[in-house]
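There are 2 protein chains.
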Amino acid sequence: MPTTSQSRPRDDVSKPVKLDAIAVLRALADPVRLDLVRQLRESVAPIACGAFDVAVAKNTLSHHFKTLREAGVIVTHREGTAALNVLQEDELDEAFPGLLDAILPRRG
Amino acid sequence: MPTTSQSRPRDDVSKPVKLDAIAVLRALADPVRLDLVRQLRESVAPIACGAFDVAVAKNTLSHHFKTLREAGVIVTHREGTAALNVLQEDELDEAFPGLLDAILPRRG
DNA sequence: GCTGTAGTTCGACGTCCATGGAACAACGGT
DNA sequence: ACCGTTGTTCCATGGACGTCGAACTACAGC
Chain A
6 MPTTSQSRPR DDVSKPVKLD AIAVLRALAD PVRLDLVRQL RESVAPIACG AFDVAVAKNT
66 LSHHFKTLRE AGVIVTHREG TAALNVLQED ELDEAFPGLL DAILPRRG
Chain B
6 MPTTSQSRPR DDVSKPVKLD AIAVLRALAD PVRLDLVRQL RESVAPIACG AFDVAVAKNT
66 LSHHFKTLRE AGVIVTHREG TAALNVLQED ELDEAFPGLL DAILPRRG
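From first to last, the protein sequence lines stand for chains A and B. My numbering puts the first residue of the first sequence at 6, with every later residue one more than the last. My numbering puts the first residue of the second sequence at 6, with every later residue one more than the last.
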């Protein structure tokens with residue numbers, strides 16, 4: 006069976022049903038993805054997929070975003086052709102309080 | 006390139022030179038290993054490898070302990086035939102303050 | 001409509017990894 | 001010395017994952 010076969014309003018994508026510790030840890034346990042999350046966290050405004058400073062191809066980047074989405078770490082809003090990514094900081098902090106601060110200490 | 010190619014005194018094993026976020030996250034991002042860490046954290050005394058409540062073969066268990074050791078999450082002391090495992094809670098809390106509390110909330 | 005830009009999806013490839021069976025090493029007890 | 005216990009190491013296997021090229025979709029502008 007598919008990993009997420011929950012009845013999903015097909016209009017929407019990546020409804021983060023419930024945050025799973027293993028999934029979140031696995032999502033963060035990759036250098037590229039952890040860097041994406043870091044950039045998202047250090048920015049106040051949402052960032053489009055193509056605007057990230059990363060050294061992988063676009064399709065690979067898309068795959069990483071999908072992983073982050075399915076883990077509930079980020080949410081993506083489509084705005085015209087752009088896909089604006091937002092870190093689910095509140096949800097993460099509620100499920101795993103202090104996790105982001107632990108692995109991504111914000112300077113300042 | 007190897008993930009951890011830090012110059013390591015070959016004489017020693019699993020000296021947790023410096024805790025790497027990716028390595029620690031990957032070590033914790035496995036159901037079996039996270040459960041091992043949970044059991045270690047809930048116990049006051051060190052636990053021998055064979056005394057864990059887990060559903061994998063002993064060689065697999067040994068492999069998981071090796072992963073945790075190389076990530077610096079645990080340290081193993083040999084005592085006769087037993088191998089007593091200790092969670093590196095202080096070191097982890099210094100490197101990533103609040104990480105364990107975030108993903109392994111202790112019922113208290 | 002056509003072109004370009006932004007993301008996604010589809011194979012495919014190579015690597016890493018979790019798992020277990022079997023053999024081996026280290027230690028303790030009798 | 002001989003076992004039994006405890007871990008480790010070796011090898012193989014099946015699956016998951018990161019990566020990329022190429023094709024495809026969706027949207028904006030001309």
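Heads up, the beta-carbon is just placed ideally off N, CA and C, and yes, glycines get one too.
Test: residue i CB closer than 9 Å to a CB of chain B
i, result
"Ile27 (chain A)", "yes"
"Ala107 (chain A)", "yes"
"Arg111 (chain A)", "no"
Buried or exposed by the 16-neighbour rule on C-beta atoms within 10 Å, applied to residue i
i, result
"Asn64 (chain B)", "exposed"
"His82 (chain B)", "exposed"
"Val49 (chain A)", "exposed"
"Ala60 (chain B)", "exposed"
Close Cβ partners of residue i (< 6 Å) along its chain, the five nearest in sequence each way excluded
i, result
"Ala76 (chain A)", "Ala28, Val29, Ala32"
"Phe101 (chain A)", "none"
"His69 (chain B)", "Val37, Arg38"
"Ala62 (chain B)", "none"
Integer-rounded CB distance, given that residue j should sit under 8 Å from residue i
i, j, result
"Pro90 (chain A)", "Ile79 (chain A)", "In the sequence as displayed, the identity of residue 90 (chain A) is Asn instead of Pro. Correct: roughly 5 Å between the Cβ atoms."
Own chain partners of residue i with C-beta closer than 8 Å, once the 5 adjacent residues on each side are dropped
i, result
"Arg2 (chain A)", "Absent from the structure is residue 2 (chain A), since the part of chain A shown begins at 6 and ends at 113."
"Ile52 (chain A)", "Gln44, Leu45, Leu89, Asn90"
"Asp98 (chain B)", "Leu104, Leu105"
is_contact[residue i, chain A] using C-beta, thresh 9 Å
i, result
"Leu73 (chain B)", "no"
"Asp95 (chain B)", "no"
"Ala34 (chain B)", "yes"
"Gly103 (chain B)", "yes"
"Arg83 (chain B)", "no"
"Leu39 (chain B)", "yes"
Output the residue ranges of the beta strand (DSSP E) runs that lie fully inside the stretch 36-97 of chain A and measure 3 residues or longer, sorted by chain position. Those beta strand (DSSP E) runs which fall completely within the stretch 36-97 of chain A and span 3+ residues are 79-84, 87-92.
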